[in-house]
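Protein chains in written order, with the working numbering: chain A, 1 to 124; chain B, 1001 to 1590.
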Amino acid sequence: MTRALQILVFIPGLLFIINGLRFAVAPEPMLASLHMEMLDGLGRNSQIGDGGAFFLSMGLMTLLGLVTAKKAWFQAVGMMLILTAIFRILSWLLHGAALAPDLAIVEIVFAIVMLVASRKLARD
Amino acid sequence: MLRLILSASLTCLALTTSVIASDERPNIVLILADDLGYSDIASYGSEIETPHIDALADAGVRFTNYHTAASCAPTRSMLLTGVDSHRNGVPNIPEMLPQDQLAQDNYKGVLNRNVATVASILQSSGYHTYMTGKWHLGKEPDNLPYFRGFERTFAMGDSGADNWEKKPYIPIYKDAFWTADGKETDLPEDFYSSEFLIDTMIEFIDRNKGDDQPFFAYVPFQAVHIPVQAPQEFIDKYMGTYGRGWQVLREQRQQRIKELGIVAKDTEMVSMSTTGDWDSQDAETKKYQSKRMAVYAGMVDAMDHHIGRLIAYLKKTGQYDNTIFIFTSDNGSEPSGVDRVPSAINNAIMRRSQGYTAEYETLGLKGSMNSLGPSFASASASPLSFYKFYAGEGGMRVPLIISGKGISRDVDWQRSFSYVTDITPTILDLTGVSQPGQFFGGRHIEQMIGKSLVPLLNKATDNVYGASDTVGYELGGNKVLFQGNYKLVYNIGPVGDNQWYLYDIAKDPGETKDLAARETKRFQAMLNAYQRYAKDNNVRPIPEGYNQYRQIILNGLRTIAKDNILLFLLTIAVLVPFMLYARSHGRRRQ
Chain A
1 MTRALQILVF IPGLLFIING LRFAVAPEPM LASLHMEMLD GLGRNSQIGD
51 GGAFFLSMGL MTLLGLVTAK KAWFQAVGMM LILTAIFRIL SWLLHGAALA
101 PDLAIVEIVF AIVMLVASRK LARD
Chain B
1001 MLRLILSASL TCLALTTSVI ASDERPNIVL ILADDLGYSD IASYGSEIET
1051 PHIDALADAG VRFTNYHTAA SCAPTRSMLL TGVDSHRNGV PNIPEMLPQD
1101 QLAQDNYKGV LNRNVATVAS ILQSSGYHTY MTGKWHLGKE PDNLPYFRGF
1151 ERTFAMGDSG ADNWEKKPYI PIYKDAFWTA DGKETDLPED FYSSEFLIDT
1201 MIEFIDRNKG DDQPFFAYVP FQAVHIPVQA PQEFIDKYMG TYGRGWQVLR
1251 EQRQQRIKEL GIVAKDTEMV SMSTTGDWDS QDAETKKYQS KRMAVYAGMV
1301 DAMDHHIGRL IAYLKKTGQY DNTIFIFTSD NGSEPSGVDR VPSAINNAIM
1351 RRSQGYTAEY ETLGLKGSMN SLGPSFASAS ASPLSFYKFY AGEGGMRVPL
1401 IISGKGISRD VDWQRSFSYV TDITPTILDL TGVSQPGQFF GGRHIEQMIG
1451 KSLVPLLNKA TDNVYGASDT VGYELGGNKV LFQGNYKLVY NIGPVGDNQW
1501 YLYDIAKDPG ETKDLAARET KRFQAMLNAY QRYAKDNNVR PIPEGYNQYR
1551 QIILNGLRTI AKDNILLFLL TIAVLVPFML YARSHGRRRQ
């Protein structure tokens, strides 16, 4: 059970790291997968800087949670994912953005996995 | 900022020269077909209907002995600069350059900054300069045509692209790279390349019509490059035309070319080793292959139709009488593809990987991948040997027509030797613009090697090249030296045999009689001259076992895999510390 949960946490963690690095190596297809076009100038700077840091941080925190067995790392990732989903919904409700249920559902599912991991895998 | 300063200085210069120059200076329309074979237009012996190009040919000067490079980007680089491809940075297309050549400064496969384009020179002399079509001389921001002398552009940067939509034609490209005035852009829903390029060119010309400045319009068509595609109504005209096959077509065109007086009656031709035996093909293959050629003919016909629309526009707006047209091709016919019917599995793979099929019913239409194949390519080059990529006459000798203001047809055919680097000096001569000296735009530039063909147009001379003048050429290991009527030539595999041959291409354009053994002194002298050319122009050898098709695949894989390999290595670099930490932590716990 513990091993299965570790694998279940490791996979999104690895994906977050790969996606974070994709912002540095090949941002255009990465942005396209998020339904974004690559902007020019400072817009591009923010897209790559913020996007890369967001994904890479989540991936690193997930792996840190796995190797240190400290719940705060899993909780931090879970919190970031839940907030991302909430802001997605707010952007749709308040600012006329398109609703992205597929992305929000994935984020909520991963957030739940992280919260479960913080209870089952942590030893502090 | 640099562009702003450059534009400002060019504008000042333009204003000055426009005062000096009269509005009598001719407009120039330079039309470049892509992969059009020597006998693919009616006035050069084709059965394909090309009335508008033929009308230009009838009224102008038709060259029978004009040579270009055997591949597109080297031709374009020499066409637009008058400088040898080994000095202008484009000795081969970048997609075919091996790594050790790519490491050399003169082998980047993009137009370097040591040359001035004819567009830059004309622009600085007060010409409007427009371009719509294929560029393929660099996709870097400062190498786009908009930044190489063209005032308005709608350009495609790759070696080719789909003719119906914005889509790459081979998987080495992620997307078709189209730009408008230097910025990446999309294509309209109802896009068909030849139609759109002419519509856009008309729009460019029309916007500045009547402002007293002449224009230079460069229209490098996508037609008839792969994917060979045409509107249904143009394909329908040729269904049933090619049922007798490629060998008969090659012979028919040879006969027609003789009748037209383009070559002597006793001109012989070879049969290429890559030409299949038509009679031994099964009925399904014959039906399929003849439709491939019908689509090709339809694409040539459609290009001609749209050239006709441009001519009609210029006539309607009173600009035709002050315009000189130059029509040519970037190299001979394209042999890529195989002479068989693609299997259902092939179609499924193509559909999945590229969104194409090559099914009979939709051949040439949107979503269809079509090519000519080596056998019909040889017919397109009739009566010449070889085709695109190779240094045989079929790869290098293409039609050249110069027609329009002040040019009359006093001789049936202009038979003197001419070369692609002659076009820029000719345009400058026709427009009364001097060739730049050693410097242009604040940079030291390479000197043009080409010669103006105007003395031929004026009948002031029979030849612009003297008997002792030599013109060297190298592309992907295929080598040539032209001198007088003679051609020393070396073709690599898989179709060539890595041997030097000597031909008299005035008497024997089909390259059927090797004179190397008979004229040993000339052979050796020309070989020495070629070695001098190679040394003077820093021609680099190709690697052992080089194969141009394999190189495209290797370079494509390298392009595609480059990002993924880097991503993989970075991911491993991130994971390793965690693995080491986890392992040491685990040991401590034990």
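We treat Cβ as the ideally placed atom computed from N, Cα and C, and that holds for glycine. As the structure is a prediction and not an experimental result, all values here were calculated from the model.
Handout entry: Rounded straight-line distance, which links the Cα of threonine 1559 of chain B to that of proline 1543 of chain B
Key = 20 Å
Problem - Beta-carbon spacing of leucine 1567 of chain B, isoleucine 112 of chain A below 8 Å - result: no
Practice task
Give the interface partners of leucine 1566 of chain B over in chain A, defined as CB-CB distance under 8 Å, in chain order.
Solution key: Val25
Practice task
Using a Cβ cut-off of 8 Å (strictly closer), state whether valine 1574 of chain B contacts chain A.
Solution key: yes
Exercise for the section: Could you tell me whether the Cβ atoms of leucine 115 of chain A and glycine 78 of chain A are closer together than 8 Å? Expected result: yes
Problem - Beta-carbon spacing of threonine 1591 of chain B, proline 1335 of chain B below 8 Å - result: Chain B is shown from 1001 up to 1590; residue 1591 of chain B falls before or after that span and cannot be answered.
Practice task
Output the boundary residues of the alpha helix (DSSP H) element that contains valine 1471 of chain B.
Solution key: Here valine 1471 of chain B belongs to no alpha helix (DSSP H); instead the beta strand (DSSP E) covers 1470-1475.
Exercise for the section: Leaving aside the five residues before and after isoleucine 1401 of chain B along the sequence, list all residues of the same chain whose C-beta is less than 6 Å from its C-beta, in chain order. Expected result: Leu1056, Ala1057, Gly1060, Arg1062 and Phe1327
Exercise for the section: Report yes if the CB atom of proline 1091 of chain B is closer than 8 Å to the CB atom of glutamine 1551 of chain B, and no otherwise. Expected result: no
Practice task
Can you have a look at glutamine 1438 of chain B and say buried or exposed, based on whether 16 or more other CB atoms are within 10 angstroms of its CB?
Solution key: exposed
Problem - Alpha carbon of arginine 1415 of chain B to alpha carbon of glutamine 1255 of chain B, nearest angstrom - result: 18 Å
Practice task
Check asparagine 1088 of chain B in the structure and name its three-state DSSP category.
Solution key: helix
Practice task
Output, in sequence order along the chain, the residues in the segment 55-68 of chain A whose CB is closer than 9 Å to any CB in chain B.
Solution key: Leu56, Gly59, Leu60, Leu63, Leu64, Leu66, Val67 and Thr68
Problem - chain A within 8 Å of leucine 1570 of chain B, Cβ atoms only - result: yes
Problem - Per-residue contacts from arginine 44 of chain A into chain B (C-beta, under 9 Å) - result: Here the premise fails: no neighbours, minimum Cβ distance about 14 Å.
Practice task
Please list the residues of the segment 13-24 of chain A that have a C-beta atom closer than 8 Å to any C-beta atom in chain B, keeping them in chain order.
Solution key: Leu14, Ile17, Ile18, Leu21, Arg22 and Ala24
Exercise for the section: Below 8 Å on the Cβ atoms is my guess for histidine 1305 of chain B versus aspartate 1034 of chain B; work out the distance and round it to an integer in Å. Expected result: Between aspartate 1034 of chain B and histidine 1305 of chain B the Cβ distance is about 16 Å, and since that is not below 8 Å, they are no contact.
Problem - Per-residue burial, serine 1468 of chain B [other beta carbons within 10 Å of its own, 16 or more giving buried] - result: exposed
Problem - CA nearest to the CA of phenylalanine 1150 of chain B, picked from B:Pro1168, B:Thr1179, B:Lys1166 and B:Pro1171 - result: B:Thr1179
Exercise for the section: Look up proline 1383 of chain B in the DSSP assignment and say whether it is helix, strand or coil. Expected result: coil
Practice task
Check tyrosine 1390 of chain B in the structure and name its three-state DSSP category.
Solution key: coil
Handout entry: Own chain partners of tyrosine 1107 of chain B with C-beta closer than 7 Å, once the 5 adjacent residues on each side are dropped
Key = Pro1091, Leu1097, Gln1101 and Arg1540
Handout entry: Integer-rounded CB distance, given that valine 1228 of chain B should sit under 8 Å from valine 1295 of chain B
Key = 5 Å
Exercise for the section: Could you say if the segment 1415-1431 of chain B and the segment 1306-1315 of chain B meet the contact criterion of at least three C-beta pairs nearer than 8 Å? Expected result: no
Problem - Three-way DSSP call (helix, strand, coil) for glycine 1082 of chain B in this model - result: coil
Problem - C-alpha distance - serine 1071 of chain B paired with phenylalanine 1389 of chain B, whole-angstrom precision - result: 5 Å
Problem - Rounded C-alpha distance that separates proline 1220 of chain B from aspartate 1054 of chain B - result: 18 Å
Practice task
Go ahead and pull the three-state DSSP assignment for glutamate 1024 of chain B.
Solution key: coil
Exercise for the section: Please name the residue in A:Gln47, A:Leu15 and A:Gly13 whose C-alpha comes closest to that of phenylalanine 23 of chain A. Expected result: A:Gln47
Exercise for the section: Indicate whether arginine 123 of chain A and alanine 104 of chain A have their beta-carbon atoms separated by less than 8 Å. Expected result: no
Practice task
With a threshold of 16 other CB atoms inside 10 Å of the CB of lysine 1024 of chain B, please say whether the residue is buried or exposed.
Solution key: Going by the sequence as given, residue 1024 of chain B is glutamate instead of lysine. Exposed, since its Cβ has fewer than 16 Cβ neighbours within 10 Å.
Exercise for the section: Would you decide whether glutamine 1232 of chain B is buried or exposed? Buried here means 16 or more other CB atoms lie within 10 Å of its CB. Expected result: exposed
Problem - Residue(s) in a DSSP beta bridge with glutamate 1184 of chain B - result: B:Thr1179
Problem - CB contact check: histidine 1052 of chain B to chain A, cutoff 8 Å - result: no
Handout entry: Extent of the continuous alpha helix (DSSP H) to which tyrosine 1169 of chain B belongs
Key = No alpha helix (DSSP H) holds tyrosine 1169 of chain B; DSSP gives it neither H nor E.
Handout entry: Which listed residue (B:Lys1487, B:Gly1545 and B:Glu1049) has its alpha carbon closest to that of glutamate 1519 of chain B
Key = B:Lys1487
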